[in-house]
Every structure is written in structure tokens, then in C-alpha cells.
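Right, one structure below, let's go through it.
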Amino acid sequence: MIPVKPNICAINTYTTPWAALDRTEYLRLDLNESTQPLPEYVLESMVRFIRDTGVECYPDYCGFYEKLSSYCPVPADWLLATNGSDQGIDVILRAFLAPGDEMVVARPEFAMFGNIANLLDAKIVGVPYAEQFQFPYETFHEAVSAATRLIVIINPNNPTGTPVSLEYIEWLLLKFPTIPILVDEAYYEYTKTTSLDLLKRHDNLIVLRTFSKAFAMAGLRIGYIIARPELIAHFEKIRGPFAVNSVALAAATAQIENQDPMQKHVEEVMERSKPFTREFLSASGVSFNRGCRELFPNCRARDRSFCFSSAITQDSGALITRPATRWLDPHESWETIRDAPGKNCHHRISVKGAGVLLCKVMTKTCGRMTMIRRIGFTKPPSMVMPMPNAIWA
Ligand SMILES: Cc1ncc(COP(=O)(O)O)c(C=O)c1O
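Count along the sequence shown from 1, add 30, and you get the number used in this note's numbering.
Written out as C-alpha cells, the structure reads:
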């Protein structure tokens with residue numbers, strides 16, 4: 031065998047739970063993707079770009095940065111487009127973490143942070159979330175040590191949906207002025223909460239965003255880093271010159287030019303689907319924790335089928351993703367929970383604006399929780415359902 035570095039050998043490959051299945055046939059409720067189709071004018075902008083400019087040339091970022099700097103707003107040289115914010119995470123961690131260096135993050139965190147830190151042989155100092163997924167305000171900063179080279183705040187976090195107050199972020203920036211603090215704002219368009227204003231006062235702040243979520247472009251792979259130009263210049267060396275393809279740049283530019291469809295989707299999720307779901311769960315006597323666009327019903331194993339099959343029977347647009355228990359206790363899998371009535375567990379309900387028909391189809395096709403869980407994962411071919419977009423139409 032050709033030897034590969036031991037830390038790479040020790041990392042598990044990210045395998046998708048749906049393995050060889052064609053995911054386009056599924057409702058896909060598992061990865062916080064948008065249920066919205068791309069607006070027509072964004073599709074047209076991509077086609078126009080391919081037809082008129084062509085893809086035989088390497089990408090040119092200038093026009094995109096000009097638009098993005100009006101959206102953010104920061105000067106263009108404070109921005110770096112990346113191949114999804116996954117690549118942004120990779121670039122930033124590579125810039126600061128050498129083997130043995132520490133990265134402080136509240137746990138459970140978005141998986142990519144741990145994967146890349148492991149790849150770099152860095153040490154992850156994970157501070158557990160407090161009761162009911164609250165951010166650990168008391169203990170988080172105490173985990174920062176002389177070996178800390180990066181502090182990560184995911185605001186709001188995936189998978190827990192936990193928000194972090196801007197006051198606390200600024201307090202951290204002041205307390206640790208020589209340690210870079212990365213704030214991941216993948217869900218900014220939903221929360222409308224951003225640390226960007228702090229960037230004027232604190233040069234150790236780095237903000238990360240994406241077009242994958244509210245802008246419905248997860249498949250196009252485009253995100254961006256916002257930071258002081260001197261940091262951006264270093265990040266650019268790590269990212270490489272042509273990491274983001276020109277069709278994604280054209281689509282993202284069109285999205286910024288007309289944000290109405292994105293805003294409508296956000297409004298539907300945050301102002302209608304989510305309050306409705308919240309009320310429904312309360313009325314059903316199910317306690318829950320609040321996330322950004324998620325809710326976390328806190329139910330006992332034996333209650334689950336009732337709670338979820340009822341939830342989707344309503345016009346709630348509340349859709350279920352993964353059980354969260356395994357994030358909280360790695361020794362407990364879904365199966366052990368299922369066989370252990372009475373144990374508390376959490377499920378992430380990723381609130382989407384999919385509407386009545388979607389819920390009806392779901393109810394008809396999968397009346398029980400075990401089935402619902404399969405929607406995003408390994409639904410047998412006999413259960414294949416139309417995509418949400420097809421249902422809308
Ligand atoms: C908090 C957070 N950050 C980053 C990402 C990565 O998104 P992308 O690489 O699609 O931009 C995700 C995706 O789920 C996320 O939830």
C-alpha cells in the first residue's frame with residue numbers, strides 16, 4: 031500500500047446516507063436545502079452567460095464582487111468568493127491551524143469544521159451546548175487557551191439552530207484581539223442578524239456566508255468570506271485562482287440584482303410556516319426548543335409517531351430531518367432510541383414553506399415517523415414521491 035498520512039487515514043470518508051439512490055426523486059428534507067426552485071431570471075442569466083460569454087474562459091470575479099459589495103456592504107477587496115462556504119471553512123482553517131493548534135467551537139457543530147481540523151491535525155476544543163441547546167455563554171471563552179489559534183462561532187448553528195448574541199461576539203473580539211474569530215452566517219438571510227458591523231472595529235473578525243440556503247443554489251457551490259483585505263489576500267493564496275465557476279458567479283450576480291423571490295421564501299418560512307408549526311406543537315402539548323428556522327420538539331420515544339404524523343397532517347410545512355440524539359450522545363443511535371421507550375430525544379424540524387399539498391402527500395405516503403425519517407435518506411423505490419417543486423406546480 032502507498033502510505034498516506036496517518037491523520038488522513040484516521041478520518042472517515044463523508045458518505046451520503048442515500049448511497050446509490052437518485053436523490054432528485056426524494057423530498058430531501060435532510061440537508062437544510064431550499065425547497066424553492068431557482069427564479070426564472072436566474073436560470074436565464076446562466077443560459078445567457080453560457081451563450082454570450084461562454085465557459086471556455088476561466089472565471090472573472092470582478093462583476094460579482096462589485097454586486098456583492100453592494101449587498102454586504104463592504105469594499106470589494108474585503109470579499110473572497112469560495113466554492114461553497116465549505117471551501118471558505120477549509121481556507122480559513124488552513125490559514126490559522128497547524129498540527130496541534132487548538133480550535134474552540136461549541137459542540138455539536140456543523141461537521142465540516144471538525145473534518146477539516148482533523149485533516150490539519152489540529153485539536154478541536156468542543157464546548158458542549160448548554161441546557162436546551164442554549165449557547166454556552168458561561169463556559170465557551172474559558173476553553174480558550176494559549177494554544178488556541180481560531181475561535182469558531184456558528185450563528186445560528188447547524189444542527190442545533192442556536193443563535194449567539196452579537197454582544198457576546200463583540201465581547202470575544204475584544205477579549206481575544208489576537209485570535210481570529212470566524213462567524214459562520216450560512217443562515218443570515220433567515221435571521222437578518224449579522225456581525226458585519228463589527229468588522230469595522232475588529233480586525234480579528236472573519237464572516238462566512240453562502241448562496242446555498244435562502245438563495246437555493248446549493249448545487250452551484252458558491253459562498254464567500256468577508257474580512258479585512260490583508261486577510262483576504264492570504265486566503266486567496268489558499269483558495270487558488272479559479273475555485274468558483276463562472277456560471278455560479280453569473281447566477282449569484284442575478285440573485286443580488288433581484289432579491290424579491292429570496293425574500294418571499296424567507297418570509298414564508300419565518301413568518302408563516304414557523305409560527306404555525308410552533309403553535310401546532312404547543313397546542314399538541316409537545317415542548318420544543320427554538321432554532322433559527324428549525325424547531326426541536328422534545329418528545330419521548332413513544333410519542334414520536336403521534337407528534338410527527340400529526341404535525342405533517344396540518345398545513346404546517348414542517349418537515350423532519352435527522353434525530354438529534356446521536357449528536358448529543360454518540361453512543362445512542364436511532365435504533366436504540368426507538369427500542370427504548372421513555373427516553374427523551376430531539377428531532378430537527380427544518381421548517382420549509384412547502385405548503386398544503388406537500389404535507390398531504392407526505393401524510394398519505396408516510397403516516398409514521400419511521401417512514402418520515404426515510405424521506406431524506408433511504409426510501410425504497412416503491413415509496414418514491416414527487417419533488418416538492420413538482421407538487422407545487
Ligand atoms: C452552518 C453551515 N455552514 C456552512 C455550510 C456549508 O454550506 P455550503 O458549502 O453549501 O455553502 C452549511 C451547510 O449546511 C451550514 O449549515
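The C-beta atom is built at its ideal place from N, Cα and C for all residues, glycine as well.
Please list, in chain order, all residues of the same chain as Ala106 whose beta carbon is under 7 angstroms from its beta carbon, the five residues on each side excluded.
Excluding sequence neighbours, Ala106 sits near Tyr95, Glu96, Ser99.
Quick one: is the Cβ of Ser115 within less than 7 angstroms of any heavy atom of ligand 1?
Yes - ligand 1 has a heavy atom lying nearer than 7 angstroms to the Cβ of Ser115.
Are there 16 or more other CB atoms within 10 angstroms of the CB of Ile38, so buried, or fewer, so exposed?
Classification of Ile38: exposed, given that the 10 Å Cβ count is below 16.
Would you say the beta carbon of Ile184 is closer than 7 angstroms to some non-hydrogen atom of ligand 1?
Yes - ligand 1 has a heavy atom lying nearer than 7 angstroms to the Cβ of Ile184.
Any chance the CB of Asp233 is under 7 angstroms from a heavy atom of ligand 1?
Outside the cutoff, so no.
For the segment 242-251 against the segment 196-209, are there 3 or more C-beta pairs whose distance is under 8 angstroms?
Judged by Cβ distances under 8 angstroms, the segment 242-251 makes no contact with the segment 196-209, as fewer than three pairs qualify.
Quick test of your reading: Ala179 and Gly156, contact by CB under 8 angstroms. State the CB separation rounded to the nearest angstrom.
Reading the sequence as shown, one finds Arg at residue 179 and not Ala. Not quite, the Cβ-Cβ distance comes to about 15 angstroms (not below 8 angstroms), so this is no contact.
When you compare the segment 127-147 with the segment 255-269, are there three or more beta-carbon pairs, one atom per stretch, that lie closer than 8 angstroms?
Taking a contact to require three or more Cβ pairs closer than 8 angstroms, the segment 127-147 and the segment 255-269 do not qualify as touching.
Separation of Gly144 from Tyr44, as counted between CA atoms
When rounded, the distance between both Cα atoms is 12 angstroms.
Below 8 angstroms on the Cβ atoms is my guess for Leu508 versus Phe265; work out the distance and round it to an integer in Å.
Because residue 508 is not part of the residues shown, which for the chain are 31 to 423, the question remains open.
Can you tell me whether Gly84 sits near ligand 1, meaning its C-beta is under 7 angstroms from at least one heavy atom of the ligand?
No, since every heavy atom of ligand 1 falls outside the 7 angstroms radius drawn around the Cβ of Gly84.
Take Phe79 and list the residues in its own chain whose beta-carbon comes closer than 7 angstroms to its own, dropping the five residues that flank it on each side.
Excluding sequence positions up to five before and after Phe79, its CB lies within less than 7 angstroms of the CB of Ser276, Val277, Ala280, all in the same chain and listed in chain order.
Hey, could you find the ends of the alpha helix (DSSP H) Arg78 is sitting in?
Annotation: the continuous alpha helix (DSSP H) that includes Arg78 extends over 70-78.
Along the beta strand (DSSP E) that carries Val277, what are the first and last residues, could you check?
It is not in any beta strand (DSSP E) - Val277 instead sits in the alpha helix (DSSP H) that spans 276-287.
Closest by C-alpha distance to Asp233, when choosing among Val213, Tyr220, Arg239
Of the listed residues, the one whose Cα sits closest to Asp233 is Val213.
Using a threshold of 7 angstroms, is the CB atom of Phe140 nearer than that to any non-hydrogen atom of ligand 1?
Yes, since a heavy atom of ligand 1 falls inside the 7 angstroms radius drawn around the Cβ of Phe140.
For Thr192 and Ser428, the rounded distance between their alpha carbons
Look at the range of the chain in this structure, 31 to 423, and you will see that residue 428 is not part of it.
Residue burial classification, Leu127 (beta-carbon count within 10 angstroms, cutoff 16):
So Leu127 ends up on the buried side.
Take the Cβ of Cys102 as the centre, count every other Cβ of all protein chains shown within 10 Å, and call the residue buried at 16 or more, exposed below.
Flag for Cys102 reads buried.
Determine the direct distance from the alpha carbon of Ala40 to that of Gly84, and round the result to whole angstroms.
Looking at the two C-alpha atoms, the distance is approximately 42 angstroms.
Suppose the cutoff is 7 angstroms on Cβ atoms and the five residues either side in sequence are ignored; what does the same chain contact list for Trp108 look like?
For Trp108, where only same-chain residues beyond five positions count, the Cβ hits under 7 angstroms are Ile256, Ala257, Arg258, Pro259, Ile262.
Could you compute how far the alpha carbon of Asn42 sits from the alpha carbon of Tyr88?
Going by the C-alpha atoms only, they are around 33 angstroms apart.
Val71 and Ala284 look like a contact to me (Cβ under 8 angstroms); what is the Cβ gap, rounded to whole Å?
For clarity, residue 71 is Tyr in the given sequence; the question names Val instead. Contact between Tyr71 and Ala284 holds, with the beta-carbon distance rounding to 6 angstroms and staying under 8 angstroms.
Is Asn275 near ligand 1, in the sense that its beta carbon is under 7 angstroms from a heavy atom of that ligand?
Look at Asn275: its beta carbon is at least 7 angstroms from all of the heavy atoms in ligand 1.
Cβ atoms of Val77 and Val134: under 8 angstroms apart, would you say?
The criterion of a C-beta distance shorter than 8 angstroms is not satisfied by Val134 and Val77.
When Ile32, Glu74, Tyr220 are compared against Thr240, the one with the closest alpha-carbon:
When Ile32, Glu74, Tyr220 are compared, the shortest CA-CA separation from Thr240 is found for Tyr220.
Let's see if you can read the secondary structure: which residues bound the alpha helix (DSSP H) around Asp484?
This structure does not reach residue 484, given that the chain is present from 31 up to 423, and the question cannot be answered.
Short Cβ contact (8 angstroms threshold) for Val274 with Asn113:
Yes, Cβ-Cβ distance for Val274 and Asn113 is below 8 angstroms.
Using only CA atoms, which one of Leu250, Phe170, Leu123 lies nearest to Leu150?
Nearest of Leu250, Phe170, Leu123 to Leu150, Cα basis: Leu123.
Near Asp116, which residues of its chain fall below 7 angstroms by C-beta distance, leaving aside the five closest residues on each side in sequence?
The beta carbon of Asp116 sits closer than 7 angstroms to those of Met142, all from its chain and outside the five residues before and after it, given in chain order.
Report yes if the C-beta of Asn145 is less than 7 angstroms from at least one heavy atom of ligand 1; otherwise report no.
No, ligand 1 has no heavy atom inside 7 angstroms of this Cβ.
Would you call Asn187 buried or exposed, if buried means 16 or more other Cβ atoms sit within 10 Å of its Cβ?
Per the 10 Å Cβ criterion, buried.
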